[in-house]
Amino acid sequence: MTYPLDLTNVHAGYGTKKERVEILKGATLHLDSGSINGLLGRNGSGKTTLIRVALGLMKSTEGSAELMGVTAWDCPNPVRERLGYVSQNLDYFPEATVDRCLGLVGSFYSNWDNAYIDELKDRWDVGEASIATLSVGQKQKVALLMALGHRPDLLILDEPVASLDPAARRSFLSTLVELNSDTNQTILLSSHITSDIERMCSHVAILHHGQILCHTKIDELKERLRVVEQGEVPLGGEVLLKKDGQLWVLLPEDELERNSYARAPGSLEDLFLELTQ
Ligand SMILES: Nc1ncnc2c1ncn2[C@@H]1O[C@H](COP(=O)(O)OP(=O)(O)OP(=O)(O)O)[C@@H](O)[C@H]1O
1 MTYPLDLTNV HAGYGTKKER VEILKGATLH LDSGSINGLL GRNGSGKTTL IRVALGLMKS
61 TEGSAELMGV TAWDCPNPVR ERLGYVSQNL DYFPEATVDR CLGLVGSFYS NWDNAYIDEL
121 KDRWDVGEAS IATLSVGQKQ KVALLMALGH RPDLLILDEP VASLDPAARR SFLSTLVELN
181 SDTNQTILLS SHITSDIERM CSHVAILHHG QILCHTKIDE LKERLRVVEQ GEVPLGGEVL
241 LKKDGQLWVL LPEDELERNS YARAPGSLED LFLELTQ
């Protein structure tokens, strides 16, 4: 099966052979086509590093990273054209105006949709100014426009809404959900705002200690996660974590009614904090 993004047992880190820090230690993540995935992890857990490997900007030392079935590191241009990416670094073309900047990026793509960009500019209230004079939130909007104009099949966003005000954040996130339902676009979005992830994503992936602790539908995670004693994992239960002598397990459907299991916290934020403490 070919996934838009397929990471298997990825190891990656920084530094020289002598002084190396391993950040990803066997991370595995397969994104289903058309899914919207929130990537959660504590500060410094390696979300940006995982995104760099996924995009072929950084080479893994072990494991494999594939985009649409081809190795991310050697990804050919026709596959790259199907990607959209917004990084945390927003200092693109500071001397250019917004339109000049969008025009330049658009000229790289044969399918750039100017009408769509104009519509989004109106919707997000993006005016004409030189990039250098924009606030961080305004720059973030321009970066998002640059990533959306060619309607990519896979959109990877590294904390895209961190600097947007609540109104702009909602508007942007609902545009993403619309896009996804119109075009079956696959989205990976890292964010610390768990309520946003809960509201707009179908799936959540939690990165912890260099591995993807779980990657599940959010509803299922909230419904099926229970704490069980050692030796009590039911058949078909998926152990996510061992903590304080207990196991955090995704129960199979037919075990949900048993009362002997302690229910995990209800909100994604509480759950994330519990899982990664
Ligand atoms: N270019 C680099 N060289 C050396 N170390 C780096 C580099 N980039 C990141 N790191 C280190 O790798 C670790 C993971 O960083 P990364 O940016 O991937 O985490 P993150 O989960 O995206 O963090 P945040 O949520 O704070 O944005 C951190 O300890 C960071 O200091």
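Following UniProt numbering, the numbering of the sequence shown begins with 1 at its first residue and continues without gaps.
In this text, a Cβ means the ideal position worked out from N, Cα and C, and glycines have one as well.
* Asked: What residue does the alpha helix (DSSP H) around residue 100 start on, and which one ends it?
  -> Working through the sequence shown from its first residue, we reach residue 100 at position 100. Where residue 100 is concerned, the enclosing alpha helix (DSSP H) stretches over 98-106.
* Segments of 4+ residues assigned as alpha helix (DSSP H) that fall wholly inside the segment 187-237 -> 194-200, 218-224
* What is the residue span of the alpha helix (DSSP H) that residue 141 lies within? -> Against the sequence shown, residue 141 aligns to sequence position 141. Its alpha helix (DSSP H) spans residues 136-148.
* To do: With hydrogens ignored, establish whether the beta-carbon of residue 47 is closer than 7 Å to any heavy atom of ligand 1.
  => The count along the sequence shown starts at 1 and reaches residue 47 at position 47. Result yes, Cβ under 7 Å from ligand 1.
* Asked: Quick one: what's got a C-beta closer than 6 Å to residue 269's C-beta in the same chain, skipping five residues either side?
  -> Translated into the one-based positions of the sequence shown, residue 269 becomes position 269. Result list for residue 269: 194, in chain order.
* To do: Measure from the alpha carbon of residue 260 to the alpha carbon of each residue in 74, 37, 1, 228, then state which is nearest.
  => Numbered from 1 along the sequence shown, position 260 holds the residue referred to as residue 260. Comparing Cα positions, the closest option is 228.
* **Closer than 7 Å: residue 43 CB and nearest ligand 1 heavy atom** => Here residue 43 refers to the residue found at position 43 of the sequence shown. Checking the Cβ of residue 43 against ligand 1 gives yes.
* **CB of residue 210 within 8 Å of CB of residue 22, strictly** => Taking the sequence shown and counting its residues from 1, the one referred to as residue 210 is at position 210. Taking the sequence shown and counting its residues from 1, the one referred to as residue 22 is at position 22. It is a contact, given that the beta carbons lie within the stated cut-off.
* **Inter-stretch contact (C-beta, 8 Å, three-pair minimum) for the segment 32-48 and the segment 177-194** => yes
* To do: Say yes only if the C-beta of residue 85 is nearer than 7 Å to one or more non-hydrogen atoms of ligand 1, and no if none qualify.
  => Walking along the sequence shown from the start, residue 85 turns up at place 85. False, no ligand heavy atom lies under 7 Å from that Cβ.
* To do: Hey, could you find the ends of the alpha helix (DSSP H) residue 126 is sitting in?
  => Looking up residue 126 in the sequence shown gives position 126. Taken as a continuous stretch (DSSP letters only), residue 126 belongs to no alpha helix (DSSP H), as it is neither H nor E.
* Please look up how many angstroms separate the CB atoms of residue 61 and residue 12, rounded, as I've assumed it's under 8 Å. => Here the question's residue 61 lines up with position 61 in the sequence shown. Here the question's residue 12 lines up with position 12 in the sequence shown. With a Cβ gap of about 6 Å, residue 61 and residue 12 count as contacting.
* Asked: Do the segment 128-137 and the segment 155-168 touch if we need at least three Cβ pairs shorter than 8 Å?
  -> yes
* Asked: Does DSSP classify residue 55 as helix, strand or coil?
  -> Residue 55 sits at position 55 when you count from the first residue of the sequence shown. Looking at residue 55 - three-state DSSP - the assignment turns out to be coil, as it is neither helix nor strand.
* Residues near residue 251 by beta carbon distance below 6 Å, same chain, minus five either side -> Counting from one through the sequence shown, the residue named residue 251 turns up at place 251. Hits under 6 Å: 224, 226, 237.
* To do: Below 8 Å on the Cβ atoms is my guess for residue 102 versus residue 68; work out the distance and round it to an integer in Å.
  => Numbered from 1 along the sequence shown, position 102 holds the residue referred to as residue 102. Numbered from 1 along the sequence shown, position 68 holds the residue referred to as residue 68. Their Cβ separation, rounded to whole angstroms, is 25 Å, which puts residue 102 and residue 68 out of contact at 8 Å.
* To do: Could you tell me the boundaries of the beta strand (DSSP E) in which residue 28 lies?
  => Translated into positions along the sequence shown, residue 28 becomes position 28. Unbroken beta strand (DSSP E) run through residue 28: 20-31.
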